[in-house]
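Under numbering that gives the first Met the number 0, the first residue of the sequence shown is numbered 0, with each subsequent residue one higher. The beta-carbon is built from N, C-alpha and C at its ideal position, and this holds for glycine as well. Just so you know, these numbers come straight off a predicted model, no measurement behind them.
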Amino acid sequence: MKRETQNILLLLLGGALIKIAVNGDYLRYVKPAQQPWIITGGGVMVVLGAVAIVRDLLAARAKAAEPDHDHDGHAHSARPAWLLLVPVLAVFLVAPPALGADSVIRTEARVPASAAAANAASFPPLPTGNVVPLTVNEFVSRAGWDAAGTLDHRTVSLTGFVVHTGGRTLLARLVISCCAADAFPVTVHLRGDEADQLASDAWIQVTGQVVPGTATKDTGCTPDFTLASIAPVPAPKDPYEY
């Protein structure tokens, strides 16, 4: 690969990292805590690429000023090298979507490992109120591990995306520890037919109650949820839970 192409790739890749870190698209790949590292890495790439380009331009100008400089007479096509710019430009111009229903269908849902440790001590009671907002991660953890039944007879609010699989409609979220590569789904089975006509990956907010005893190994740790209400919502800027 020619030096010119290397330098331009470095500039574009660094610019792409800074772009997704500033506009929030980085949340499709990693946790929020990684933002400073992405900005720093992108900035270093941009600086290195710019310095290399300036250095090469100065060297080329000095060489052009030398009398009787020789040419090797060999012309090498740069087309294959320039093709490497295509994936970089794709990231720069069109950010891929976050993981969604397809990832849930391909990956077995489970209760987070942290829930096992939490089971050693009882889960704290839910806050007071007619409707308690919870993450899907916490809801599934309580449904699968909380022997005290803190969810029983309590109305909660959950937000997630729709997944249709095996004749069932699920509400799902993907949980990540570091980045999207280690994502795993947590899912809730929506009882009733209110969500059956919604498109996969549609984001919704639901209220309702857990069906006690349904988050078992046989159900893939997916509790049943009796719907009280359902409403479409915009996809959140940060699509993952932690």
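- Contact between residue 56 and residue 182 fails: their C-beta atoms lie close to 44 Å from each other, not under 8 Å.
- Looking at the DSSP output, residue 240 shares a beta bridge with 174.
- For residue 230, the enclosing beta strand (DSSP E) has its first and last residue at 223-231.
- Taking a 10 Å sphere around the C-beta of residue 221, we find 16 or more other C-beta atoms and assign the residue as buried.
- In the three-state DSSP reduction, residue 207 falls in the strand class (E or B).
- Counting only the Cα atoms, residue 155 lies some 11 Å from residue 228.
- Non-local C-beta neighbours of residue 168 in its own chain, meaning closer than 6 Å and more than five positions away in sequence, comprise 189, 194 and 195, ordered along the chain.
- Secondary structure at residue 167: strand, using DSSP grouped into helix, strand and coil.
- DSSP places residue 141 within a helical segment (H, G or I) once states are collapsed to three.
- For residue 46, the enclosing alpha helix (DSSP H) starts and ends at 34-64.
- As a beta-bridge residue in DSSP terms, residue 162 pairs with 169.
- Counting the other Cβ atoms within 10 Å of the Cβ of residue 158 gives 16 or more, which makes it buried.
- Within the same chain, 135, 138, 139, 157, 169, 170, 221, 222 and 224 come within 7 Å of residue 187 by CB-CB distance, once the 5 residues on both sides are set aside.
- When DSSP states are grouped into helix, strand and coil, residue 105 belongs to the helix group.
- If you compare the alpha carbons of 198, 53 and 58 with that of residue 231, the shortest gap goes to 198.
- According to DSSP, residue 186 shares a beta bridge with 171.
- The three-state secondary structure of residue 8, taken from DSSP, is helix.
- Bridge partners of residue 131 according to DSSP: 155.
- According to DSSP, residue pairing for residue 29 in a beta bridge involves 178.
- A direct Cα-to-Cα measurement between residue 61 and residue 39 gives close to 33 Å.
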